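K.L.:
Attaching a single structure in C-alpha cells format; questions to follow.
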Amino acid sequence: MLMRDKNIWLFNAGNAFAGNPKWLFLYVQEHHPEIQCVWLCFGRKLEQKMRALGYTAYRYKSPEARRIGAKAGVYVVEQNKEKYHDYLAGITVLNLWHGVTCKKLEHAVTEGYMEEGLVAKHIRNESVYRQQLMLVTSPQQERVFCEQCKVAPENVIRAPYPNSFEKAPAATFDHDFRAAKGVGRDVKVALYAPTFRDFDRSAFFARAIPDMDALLDAAERGGWMLVLKVHPQMEKDFQFAALKQRYADDPRVLFWDNGNDFYEVMDQVDMAIVDYSSIFFDLLAHGVKRFVRYVFDYGNKDKLRDFAFDYLDVTCGEVCMTFDELLTQFALDGQTDQAELDRVFAWAWAYSRDHSVEEIVQRALAHTPDPAFALPTLHSFDVFDTVIGRTCGAPEGVFAYVEGKVRAAGSAFPSVLACDYVTARKQAEANCRELVAKTLELRGDRRTEIAFDQIFERLQDLYGLDESQVEDLKRWELEGEKLVSTPIATTIDAIKRLLAAGEDVVLISDMYLPEAFVRELLAQADPVLAGLPLFLSNVTGRQKTKKGLFLDAFHGVDYRYDTWEHVGDSQVADVDRPSELGIHAQLFQQAVPVDPYAKKATRALGSFDGYQVGALLSRMLAGCKTPEERFACGYASLYFVPYVSWCIDDALRRGIACLYFISRDGYLLKLVADAIIAARGLPLKTRYLYGSRKVWRVPSQVGEIDPEFFSSYGNFTGVTDFDSLVAASAVGESAFLALFPELAFLKEQGAMSKQERDLVVERLRDCEPYRQALLAAAERERGIAVDYLKQEIDFDEPFAFVEFWGRGYTQACHTRLLMEADARVQASTYYYARSICPSDAQNVRVNFTSNTKKMLFIERIFANMPYRTVAAYRRVDGRVEPVLEPNECVYPVFQALEDGLPRFAEQYAQLALVDADRTNRALFDFGIDYFYGNKTDEVFLRCIAPLRDSITIQGEPTEFAPPLTAKRALDRLRGRQVDTNSMRMTISRTNPLLAKALGFLDR
C-alpha cells in the first residue's frame, strides 16, 4: 500500500472557503509550517479566489490535485462527502462536521427529501465513513454521532469546533457591512438565520415572513438592521428570491452572500433570530447574548425532521410562535438569561473546556486507516420472477384461475365477473394505483403502494359483492398464486451459496400480496428462504420503482456494508433505480418476454391453464437458437406432449401397467412419455416395440386372408410396377409367375397405371391358389414374428399400445399375432390421436381427438428417422432382432426433436393444470390449427416441407412440399398434377424468380 505523507493536508468545505475546514486550515497554516495545506475546489471561481488570498488550491479533477492527492496524508472535510476520488484511497479522513446538532443525522434520517441523498452516500462510502476521524464537541453530541453516524468510539476526537474557538484572523471580504448598506455603527444587527425544512422546501418565506414591510418597519423603529442569512438549500425558495430582488437596495436589510464566511463577522450580531439550525450554538460560542427562537412551525411533524433531543430544552432564548410575536422583539432590549446561556453552552461545548484545536491536529497526524479493515457485502434479491416464478408467467394467469372458480360458482357472482374476471381484476388494481398516486399530497403520507385488501374493496364497490364473495375471491387468488408458484433454482442455489459463505442476504419486492403469504410461497420454494429478511412494498408503503423500498431496506438492515449487490428481473425497478443509489445492480436474465406464438396459444386456450402453457412456451422458445429448436420445443411439442400426457392419464385410470410404443412413430412418443412419467413419478412402465406393416401384415393372415389385404389401403397400395407388385404379393417372383404367367409382360412394361394395378389386384384376390400360397407364406413368417412378441411383451400384466394416426388395420393385424402369442389375449388396446375405424370386438381403439384435419405433416416428423422401417426379423444368439431399413433423414430436425421434446414434456408435466384433459385437447387442436393457418411460417418451411416419407407400404419416399423445378413448373402450367402436399409451401420454397415468372406468387 502507498505510504502517504502526513505533512500534506487537503481541505474542502463544499463550494466555499468556509466552515470548520477553513478555520483549521488557517490554524495549521499559522502553527504548523511543516504541513503543506492545499484547498481542493469544485470550480475555477473558488480556485482563483484562494490563489488571490495567497493559498495553494487545485480543482478536484486537475492533474495537480490527482498528483498531490495520491500522496497526501490527511483530508479535512465538514460532512460525509458524497464522493471520494480514487486518488484519495487510504488517506486519513478528518471530518470536522458542520455544526452541533439537535436534529437526527445520517442513518437516523428516515424521511424527507434529504433521506435519499444520505442513503446513497452511505451505500457508496460506508467503508470510508467507518474509518474516518470525527470531531465531537460534548458527551451528548458524541452519543448521537456514534449512534447515528456509526462512528467508532476510537475514531472520536473530543475538541471544540475551529470555526467558533479558533481566533485566527481572517478577512476574506469587507467586514463593514453596515457601511456597505449606508447605516451607522450605532445600528444594532439582528440576524435571521432559518434552516431548511426537510418536507417543505418551497414557499417557506411566505409563512415565515408574511409581511416584509412590517418586519423592516419594526426593525427600523427599534434601531435594528436585519441580516437575512439562509441555508444554501433555501436560496432557491421563490419567495426568498422575490424578496431579495425587491429589497436589494433597502438599507434596513442585508441578504447575506453565502460566498462570504459569516463566521468572520459573527461577533457583530446583537440579536440572533434562529430556529432549528446549528448556527445557534456557533453564535453562542461567539458571544452572542440575545436569542429569539422563532419557531412558528414547532411541533409540525409534516414539515420538520425528527429531533435527536428536546429542542426547547437544549436551546435558549425567547420563544416566538407567531410572526406578530416576532415583531415585538425589535422593541425590546436586554439579553437572554446568562444562566441559560451557560447551561446550553455546557451542553453543546463541554469538550472546549479541557481540549483544544491542537488536539485535532495531533490525532490526525497519529491516525492511519487500518489496511485490513473490511466491511461485508449486502446481497439483495427481488422475489417474484427472480427467486420464485409463476408457471403461468404473468399475474393474469392467476386471475384466470379465479375466473374459473367464479364460473363454477354459477349465478352467485355477477355475470360480468364470470365472463371476464381477468379484466375486472386488472382494472380494479389499476384504479387503486391511480388513487394512491393522485392523492399523495391530500393524504399527507408517503405511501405509494397498494394493499391486497384494497383491490377487493374496489371490486366490492364496483360489483356490489357481499363479504363472503369478497373473501372467496381473495382466497381463490391466494390459492391460485400458491398453485402456480415455482422455485427458480439458479437463484435459490446462489442464495444458499452466499449464506453458506456467511454472507448477508435480504429479499426486496414490490408486491401487493400479504407478507405472511409471501413467506409461505418462499417456504414452499425452499425453507431457507422463509427466514430471510423480507422488505415488501405493501408493508413499508414505498416501492422499488421509486427507490423508497431500497431506502427502507437500508434502514431495516442497519446498513454496515462496503458494497450492496442487488439482483432482479426489472430493468427499471431492479437495475436503473438501485444504480442511482450506488447499489451494484444486475439484471436477472431468466425472465423472458412473451413470445407472440405463445401468446396465441394462451388466447386460444382462454383459461388459467392456457396462461401456464403460454409462459412455458415463452420460456422454452426464448432458449431456441435455430428454427429446428423452435420447431421441436414450440411447434411439434404440441402435437405429441398433450396427446401422450392424455394417454398416460387414461392408462393409469384403466390400470395398465405398461405402454408399448411401436416403431417408428413410437420413438419420439416414448421419449415424451418417459419424460412425463419421470417428472411426475408415475407407476407406469414403457417399452419400445419394433414392428411394421411389412413384418406384421402378412404373418397375421391366419386361416384366411382378410378382405383389407386387397383393399385400397391394403398391401398393394402404392404398387407402380412389376417389382413392387411382386414385393406386395409376398410369395416371391418365381411363385408369382407360376401362378400368374399371363402377367409376365408387366416385367418388361415398366410403370403400371392405376387402372392396370386395380385389375391385377382383383385378379389376385379372386385366385384361390394364390390365397393358399399367401397363407403358406404367412405361416412361414409368423413364427419369428410371434416369437418376437413373446420375447418383448409381458403378457402377465395389463398393457396397451400407443400409435398416433391411422385407419386401424395395422392394429387388427397385430391383434391376431398377439392372440397367436398368448391364448389369454382376447383383444388389444391401442391409443390413437385419431383412428379412422372405431373399436370392434378384438380391437379397442381409444381416441384422443375428433379433429378431422389430416395429420400427414405429422407423419413426416415420425418418418424423419435414421431408419425407414422394420424390414424383417432375424434370429441372433437366441434372440429375435429387428432388421432395420436405413433412411436418409433431415438430421438437424431429428436431433432437435430428440432433445427438445423431452425437455418440453418434463416442464409441461410439472404444470399445475386444473383441467388437464381439456387443456391437452385444446393445446393439440391449437397446434394442428396453427400449422394449417401458417404453412409458410419459416419454421414449417425448414422443418416440415423437406421431410420425406411414403404413406403407402410399397411407395417411394417424397418430400412433403418439394420446391418446383423449371420442368415441374411447366408441367403445372400444362395442367399436370404437381406432387406436393401443400402448393403454398412448395411455391414458398421455389426460386422466387421462377415462381414469379410463372405467376404463382400473384395467384
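Taking numbering that gives the first Met the number 0, the leading residue of the sequence shown gets 0, the next gets one more, and so forth. We treat Cβ as the ideally placed atom computed from N, Cα and C, and that holds for glycine. None of the values given here were measured: they were computed from a predicted structure.
1) Please indicate yes or no: does the CB of V571 lie closer than 7 Å to some heavy atom of the ligand FMN?
2) Can you grab the Cα-Cα spacing for the pair L774 / V697, in whole Å?
3) Threshold first: 3 residues or longer. Then list the beta strand (DSSP E) segments lying entirely within the region 350–406, N to C.
4) Quick one: residues in its chain with C-beta nearer than 7 Å to the C-beta of L117, no 5 flanking neighbours on either side, listed in chain order?
5) Based on the DSSP secondary-structure assignment, which residues constitute the bridge partners of M270?
6) In chain order, what residues of the same chain have a beta carbon less than 8 Å from the beta carbon of A772, not counting five sequence neighbours either side?
7) Classify T55: buried if its beta carbon has 16 or more other beta carbons within 10 angstroms, exposed otherwise.
8) Are the beta-carbon atoms of E114 and G18 separated by less than 8 Å?
9) In this structure, how does DSSP classify P20 when only helix, strand and coil are distinguished?
10) Less than 8 Å between the CB atoms is what I'm expecting for V566 and P532, so what's the real figure, rounded?
11) So within the region 822–876, which uninterrupted alpha helix (DSSP H) runs reach at least 4 residues, ignoring any that extend past its ends?
12) Following the continuous alpha helix (DSSP H) through K120, name the residue where it begins and the one where it ends.
13) Alpha helix (DSSP H) containing M619: first to last residue?
14) Tell me whether E428 sits in a helix, a strand or coil according to DSSP, three-state version.
15) Within the same chain, show all residues whose beta-carbon is closer than 6 Å to that of L763, passing over the 5 residues directly before and after it, in chain order.
16) So is D353 buried or exposed if we call it buried at 16+ other beta carbons inside 10 Å?
17) Which whole-angstrom value is the C-beta distance of L95 and L134, which I expect to be below 8 Å?
18) With S508 as the anchor, note down where its alpha helix (DSSP H) starts and where it stops.
19) In terms of residues, what are the limits of the beta strand (DSSP E) holding E884?
20) Is C36 near W8, with beta carbons less than 8 Å apart?
21) Assuming A656 contacts K684 (C-beta within less than 8 Å), just tell me the rounded distance between them.
22) For the alpha helix (DSSP H) holding M2, just list the boundary residues, first then last.
23) Can you tell me which of the three DSSP states T485 falls into?
24) Would E466 and G899 be called neighbours here (beta carbons separated by less than 8 Å)?
25) Measuring only the C-alpha atoms, how far is A787 from R973?
26) Are the beta-carbon atoms of W348 and A167 separated by less than 8 Å?
27) Per DSSP, C657 forms a beta bridge with which residues?
28) Which partner residues does N94 have in the DSSP bridge list?
29) Would you decide whether P865 is buried or exposed? Buried here means 16 or more other CB atoms lie within 10 Å of its CB.
30) Considering only the alpha carbon of each residue, which of H31, D509, P375 and Y659 lies closest to A500?
31) Using a Cβ-Cβ cutoff of less than 8 Å, which residues in the same chain neighbour R206 once the five nearest sequence positions on both sides are dropped?
32) What is the DSSP secondary structure of F195, reduced to helix, strand or coil?
33) Quick check: the Cα distance between E796 and Y929, rounded to an integer number of angstroms?
34) Taking the alpha carbon of G805 as the point to measure from, which residue in I783, S849, E778 and L817 has its own alpha carbon closest?
35) Between the region 533–540 and the region 483–502, do three or more beta carbon pairs fall short of 8 Å?
36) With DSSP as the reference, label T55 as helix, strand or coil.
P.N.:
A quick look at the data gives this:
1) In terms of ligand content, the structure shown is empty, and the ligand FMN therefore cannot be addressed.
2) 8 Å
3) 376–381 and 387–389
4) Taken in chain order, the residues that qualify are E105 and V108.
5) Bridge partners of M270 according to DSSP: A189.
6) Counting only Cβ-Cβ distances below 8 Å, and skipping sequence neighbours, we find V730, A734 and L738.
7) exposed
8) no
9) helix
10) Actually they are not in contact, since the Cβ atoms of V566 and P532 sit about 15 Å apart, beyond 8 Å.
11) 855–862
12) M113 to Q130
13) F607 to A621
14) helix
15) Y769
16) exposed
17) 5 Å
18) Per DSSP, S508 belongs to no alpha helix (DSSP H); it is in the beta strand (DSSP E), D503 to S508.
19) R878 to P885
20) yes
21) 6 Å
22) No alpha helix (DSSP H) holds M2; DSSP gives it neither H nor E.
23) strand
24) no
25) It is worth fixing the name first, because residue 787 is Tyr in this sequence and not Ala. Distance between the alpha carbons of Y787 and R973 is about 52 Å.
26) No.
27) K684 and F798
28) V76 and M133
29) exposed
30) Of the listed residues, the one whose Cα sits closest to A500 is P375.
31) The residues F295 and D296, in chain order, have a CB closer than 8 Å to that of R206 in the same chain once the five nearest residues on each side in sequence are set aside.
32) coil
33) 40 Å
34) S849
35) no
36) strand
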